[in-house]
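Novice: One structure is given below, represented as structure tokens, and several questions about it will come after.
Numbering (our numbering), first residue to last: 41 to 631.
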């Protein structure tokens with residue numbers, strides 16, 4: 041139920057994002073019409089169509105993308121007829137008989153004909169609008185789509201997407217109600233009914249033309265929806281995604297000092313019992329250890345850390361997790377990393393082994409390629425930490441990076457509760473460098489950006505993303521957080537693959553660090569590249585994976601740190617050009 045509420049609220053907040061702008065003309069063309077017979081069917085058709093298309097896009101393949109493209113073409117034709125009928129109802133009657141019937145339905149839907157609006161005609165417009173609506177994938181919609189991709193097609197996915205669409209429809213209904221009253225007042229006082237209808241028709245045709253030409257993507261990429269994303273994140277923080285048996289995890293104090301307890305009474309932590317720890321069965325392989333079970337871990341305090349090796353947030357938590365594993369091993373703490381892949385290349389065992397070696401991880405790692413442990417914990421985040429007490433009960437959880445002092449205090453509390461006589465000590469302070477160093481949160485204005493068509497946002501190349509087909513792209517000057525491709529690329533569901541040498545990627549960012557997940561492609565040959573910032577070599581602003589001249593090479597599929605601004609953080613143009621073909625680019629992250 042909590043997930044449904046969060047998805048609904050995320051949809052409601054969509055009215056505040058710029059991504060709603062392209063469909064507003066189609067919605068406000070309904071102003072002044074009966075709610076039950078006109079507005080409600082249209083919004084219901086829009087919500088249902090979006091939920092269906094989004095479900096197919098999340099779990100389907102390229103066939104779903106192509107099917108949606110045909111649907112968009114049909115929707116553009118329908119809405120173009122709708123706009124023409126608003127401008128000139130007489131025009132519809134001059135079309136051929138099959139189109140006349142459709143035109144009459146659309147004229148009736150606009151309220152400009154003699155026949156009363158029908159539920160069917162309003163529903164047709166709603167379906168067409170739903171095919172064209174592509175909301176910004178903020179934190180809430182991103183969470184829903186990620187869950188759909190991980191868990192496959194199921195009723196929960198459809199319900200969550202329907203709840204999101206219903207939230208958007210609710211906010212649009214409120215806006216439409218207010219707009220309808222304004223239009224009605226103008227009609228009564230000024231007698232401008234026909235003129236308003238014609239203006240709305242012109243707006244509809246303008247919206248159709250903008251979407252048909254792909255201009256909506258480049259225009260919206262220049263508008264920031266950071267404020268909407270922050271509101272969505274606040275909703276996630278207030279309404280916890282996972283419905284737990286107990287209250288949210290809190291610790292008695294963020295201070296690392298351990299308060300002396302009454303020596304006559306055993307120590308009892310204030311951490312609540314959230315639920316019993318699920319099984320650790322289901323890993324395809326265990327690294328650094330034999331397979332471990334919850335039964336043999338009874339009596340130990342266990343930290344289960346969900347991560348994946350190309351996730352920047354996970355990488356920045358590794359120094360702390362390693363430090364805790366080393367510091368508290370003698371006190372009874374067992375750290376288990378559960379590697380749950382986000383991308384297909386992270387399912388390769390050799391890649392995971394290589395990453396474990398690079399990060400110098402010595403604690404056990406369960407390779408959860410089938411997400412069995414992920415689902416058992418009902419997890420939804422990378423990274424995610426769960427603390428299990430000596431009785432096998434989950435007593436604390438934390439999602440994302442940060443709050444290290446609180447997590448360490450929880451570890452100490454549960455160890456003391458299990459009988460450890462550890463003395464007070466300062467929290468760990470690992471000397472994290474390079475990509476493992478913490479982010480400059482005060483200056484981060486750019487967010488994670490995927491390059492595969494399934495989750496791509498803010499794409500600014502005028503050609504538009506072409507699914508699973510080679511395309512020659514171009515890019516000039518994207519707006520803040522806009523990005524584009526140059527050269528010949530084939531964009532797949534998860535990544536963009538360079539078909540010919542000389543292609544590149546451009547991103548207008550505002551953050552201290554720029555990271556990009558890259559791989560050498562199927563042939564596994566090194567791919568040379570060069571990075572420029574504002575058209576120049578990065579110099580002192582180079583990341584750990586390139587030199588001051590911007591030169592580097594993709595030798596393995598992983599996250600590469602390409603920029604670390606050494607001075608004042610400002611909005612800059614990032615460019616990377618590949619001197620060899622075959623590179624695969626997955627996602628940008630920032631710090």
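Just so you know, even glycine gets a beta-carbon here, dropped at the ideal spot from N, CA and C.
Computed from a predicted structure; not experimentally measured.
1. Taking Cβ positions, are residue 392 and residue 349 nearer each other than 8 Å?
2. Quick check: the Cα distance between residue 602 and residue 548, rounded to an integer number of angstroms?
3. Got a sec, what are the start and stop residues for the beta strand (DSSP E) residue 510 sits in?
4. Excluding sequence positions up to five away, which residues of its chain have a Cβ less than 6 Å from the Cβ of residue 686?
5. Tell me whether residue 211 sits in a helix, a strand or coil according to DSSP, three-state version.
6. Name the residue from 367, 445, 427, 476 whose alpha carbon lies nearest to the alpha carbon of residue 457.
7. Determine contact between the segment 574-592 and the segment 495-513, defined as no fewer than three beta-carbon pairs at a distance below 8 Å.
8. Rounded to the nearest angstrom, what separates residue 530 and residue 536 at their Cα positions?
9. Identify every residue that forms a DSSP beta bridge with residue 600.
10. Give me the Cβ distance between residue 593 and residue 569, rounded to the nearest whole Å; I'm assuming they're in contact under 8 Å.
11. How far does the beta strand (DSSP E) with residue 528 in it extend, from its first residue to its last?
12. Does the distance from the CB of residue 328 to the CB of residue 422 come in under 8 Å?
13. To the nearest angstrom, report how far apart residue 48 and residue 214 are at their CA atoms.
14. Given a threshold of 16 other Cβ atoms within 10 Å of its Cβ, counted over all protein chains shown, does residue 342 qualify as buried or as exposed?
15. How many Å lie between residue 395 and residue 459 at the Cα?
16. Closest to residue 201 by C-alpha separation, out of 91, 317, 169, would be which residue?
17. Rounded to whole angstroms, what is the Cα-Cα separation between residue 25 and residue 359?
18. When you compare only the Cα positions, how much space is there between residue 287 and residue 382?
19. Am I right that residue 639 and residue 50 are in contact with their C-beta atoms under 8 Å? What's the rounded C-beta distance?
20. Could you tell me the boundaries of the alpha helix (DSSP H) in which residue 366 lies?
21. Residue ranges of each alpha helix (DSSP H) run of no fewer than 4 residues wholly in the segment 397-456, ordered along the chain?
22. Between 324, 372, 164, which has its C-alpha nearest residue 85's C-alpha?
23. On the premise that residue 376 lies in contact with residue 403, defined as a C-beta separation below 8 Å, what is that separation, rounded to the nearest angstrom?
24. Mapping DSSP to helix, strand and coil, what is residue 572?
25. Could you have a look at residue 164 and say whether DSSP puts it in helix, strand or coil?
26. Relative to the C-alpha of residue 550, which residue among 609, 513, 511 is closest?
27. Out of curiosity, what's the CA-to-CA distance linking residue 447 and residue 371?
28. Roughly how many whole angstroms lie between the Cα atoms of residue 468 and residue 615?
29. Taking the beta strand (DSSP E) that residue 480 belongs to, which residues open and close that run?
30. Taking just the CA atoms, how far does residue 499 sit from residue 74?
31. Using DSSP bridges, identify the partner residues of residue 93.
32. Residue 212 to residue 385, Cα distance in whole Å?
33. What is the DSSP secondary structure of residue 349, counted as helix, strand or coil?
34. Per DSSP, which residues does residue 490 bridge with? Please list them.
35. Compute the Euclidean distance between the alpha carbons of residue 501 and residue 454, then round it to the nearest angstrom.
36. Is DSSP giving residue 315 helix, strand or coil here?
Specialist: A quick look at the data gives this:
1. Going by C-beta atoms, residue 392 is nearer than 8 Å to residue 349.
2. C-alpha separation (whole angstroms): 14 Å.
3. For residue 510, the enclosing beta strand (DSSP E) starts and ends at 510-513.
4. The structure shown has nothing for residue 686, since the chain only spans 41 to 631.
5. In the structure shown, residue 211 sits in a helix (DSSP, three-state: H, G or I).
6. With distances taken between Cα atoms, residue 457 lies closest to 427.
7. Flag = no, the segment 574-592 and the segment 495-513 do not touch.
8. Our two residues, residue 530 and residue 536, have alpha carbons roughly 6 Å apart in a direct line.
9. For residue 600, which the question treats as bridged, DSSP gives the partners 556.
10. Confirmed, Cβ separation roughly 7 Å.
11. First-last of the beta strand (DSSP E) with residue 528: 523-531.
12. Taking 8 Å as the Cβ cut-off, residue 328 and residue 422 do not qualify as a contacting pair.
13. If I take the Cα positions, the gap works out to 15 Å.
14. Taking every protein chain shown into account, the CB of residue 342 has 16 or more other CB atoms within 10 angstroms, so this residue is buried.
15. Looking at the two C-alpha atoms, the distance is approximately 35 Å.
16. Nearest option by C-alpha distance: 91.
17. Past the edges of the chain, shown from 41 to 631, lies residue 25, and the structure says nothing about it.
18. Confidence is the limiting factor: at residue 287 the pLDDT is only 37, short of 50, which leaves the residue's position unreliable and the question unanswerable from this model.
19. The chain is shown from 41 up to 631; residue 639 falls before or after that span and cannot be answered.
20. Where residue 366 is concerned, the enclosing alpha helix (DSSP H) stretches over 352-367.
21. Entirely contained in the segment 397-456, the alpha helix (DSSP H) runs reaching 4 residues are, in chain order, 412-416.
22. Shortest Cα-Cα distance from residue 85 to any of 324, 372, 164 involves 164.
23. That belief holds up - the Cβ atoms of residue 403 and residue 376 are roughly 7 Å apart, short of 8 Å.
24. Three-state result, residue 572: strand.
25. Annotated three-state conformation of residue 164 is helix, per DSSP.
26. Put simply, of 609, 513, 511 the residue whose alpha carbon is nearest the alpha carbon of residue 550 is 609.
27. Taking the straight line from one Cα to the other gives about 16 Å.
28. Here the alpha carbon of residue 468 sits roughly 37 Å from the alpha carbon of residue 615.
29. First-last for residue 480: undefined, no H or E at that position.
30. So the two alpha carbons sit approximately 38 Å from each other.
31. Bridge partners of residue 93: none, in fact.
32. As the crow flies, the alpha-carbon of residue 212 is around 41 Å from that of residue 385.
33. Looking at residue 349 - three-state DSSP - the assignment turns out to be coil, as it is neither helix nor strand.
34. DSSP output for residue 490 lists 496, 627 as bridge partner(s).
35. Going from the Cα of residue 501 to the Cα of residue 454 covers about 53 Å.
36. Shown here, residue 315 sits in a strand according to DSSP, grouped into three states.
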